[in-house]
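Participant: Structure provided below as structure tokens; questions to follow.
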Amino acid sequence: MTTNQTVLTYARQRVGTQVGSGECFDLADEALRNAGASSASDYGRITPTADYVWGRRVSRQEAQPGDIIQFRNYSMLIETETRVRVDTGGGGFEESFETVTATQSRGHHTAVVEAVDPSGRLNVLEQNVGTGVDRRRVQSNELFFVTRTNPPQTTREGNVTTTVRRTVTVRGQAWFYRPQTSNGGR
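And the structure:
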């Protein structure tokens with residue numbers, strides 16, 4: 004099993020549980036140490052505001068499951084516009100329009116890459132996100148790392164035509180790291 008696979012397996016096995024004190028750092032740190040890889044403290048001083056280094060830096064396009072992401076002032080806004088047109092016959096129609104927005108942010112945060120989509124969407128395993136009693140437990144979330152507007156998707160059912168357009172806006176920074184061991188991370 005590769006180092007990345009070991010890191011990923013460790014994090015996946017802890018979904019729904021709290022690792023360490025529940026800080027985001029704890030999940031990545033313990034997953035790396037379990038895999039025999041270097042952790043952030045091996046690359047520099049750990050402070051509450053440091054941009055941690057977790058291994059060899061790679062681009063988002065090179066990211067693989069088991070890599071570590073370090074965030075700084077990251078935010079993601081998803082805006083979904085839905086237009087519904089109902090043909091009422093005789094050339095008439097009724098139309099409605101709705102816009103729904105959803106946001107997520109990661110100020111100073113760390114996560115483990117779970118799955119990669121070439122479009123810029125990644126599933127991550129992380130803890131200490133969201134609100135409520137479960138926020139310190141490991142959870143899987145979908146995040147985007149590329150700003151884009153998807154082409155409108157139109158469906159027709161009888162006399163109803165629905166068109167949906169989704170725009171994702173990403174801000175802030177995210178650094179991707181490949182775990183490293185004394186033998187280069189293999």
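Following the working numbering, the numbering of the sequence shown begins with 4 at its first residue and continues without gaps. Beta carbons: idealized from backbone N, C-alpha and C, even for Gly. Note that the structure is a prediction, hence the values are computed from the model and not measured.
(1) Report all residues from its chain with a CB closer than 8 Å to the CB of N37; omit the five preceding and five following residues, and keep chain order.
(2) Indicate the three-state DSSP secondary structure (helix, strand or coil) for F148 in the structure shown.
(3) Entirely within the segment 105-145 and at least 3 residues each: give me those beta strand (DSSP E) ranges in chain order.
(4) Compute the beta-carbon to beta-carbon distance between R63 and F179, rounded to the nearest angstrom, for a pair I have assumed lies under 8 Å.
(5) So, at 6 Å on beta carbons, what are the nonlocal neighbours of T164 in its own chain, with the 5 sequence-adjacent residues on each side left out?
(6) How is the beta strand (DSSP E) around A177 delimited, first residue to last?
(7) Here's the rule I'm using: 16 or more other beta-carbon atoms within 10 Å means buried, otherwise exposed. How should M79 be labelled?
(8) Under a three-way DSSP split, which group does Q67 fall into?
(9) Please classify M4: is it buried, with 16 or more other beta-carbons within 10 angstroms of its beta-carbon, or exposed?
(10) The ligand MG and A105: does any heavy atom of the ligand fall closer than 7 Å to the residue's C-beta?
(11) Nearest to L146 by alpha carbon, out of A118, E84, E101 and G93?
(12) Whole-angstrom Cβ separation of F141 and V22, contact assumed at under 8 Å?
(13) Taking the runs of the beta strand (DSSP E) that are 3 residues or longer, which of them lie wholly in the segment 28-82?
(14) Tell me the rounded alpha-carbon separation between S41 and V167.
(15) Counting along the chain, where does the beta strand (DSSP E) carrying T159 start and finish?
(16) Thinking P182 and I71 are a contact (beta carbons under 8 Å), I'd like their distance in whole angstroms, please.
(17) Starting from the Cα of L125, find the closest Cα among T158, V149, T20 and T157 and give me that residue.
Facilitator: In this structure, then:
(1) T9, V10 and Y13
(2) coil
(3) 124-129
(4) 6 Å
(5) R88
(6) V163 to R181
(7) buried
(8) coil
(9) exposed
(10) In the structure on display, the ligand MG does not appear, and there are no ligands present to speak of.
(11) A118
(12) Before going further, note that residue 141 is Val rather than Phe in the sequence given. That pair is a contact at about 6 Å.
(13) 59-61
(14) 45 Å
(15) Rather than Thr, the amino acid found at residue 159 in this sequence is Arg. Residues Q156 to E160.
(16) 7 Å
(17) V149
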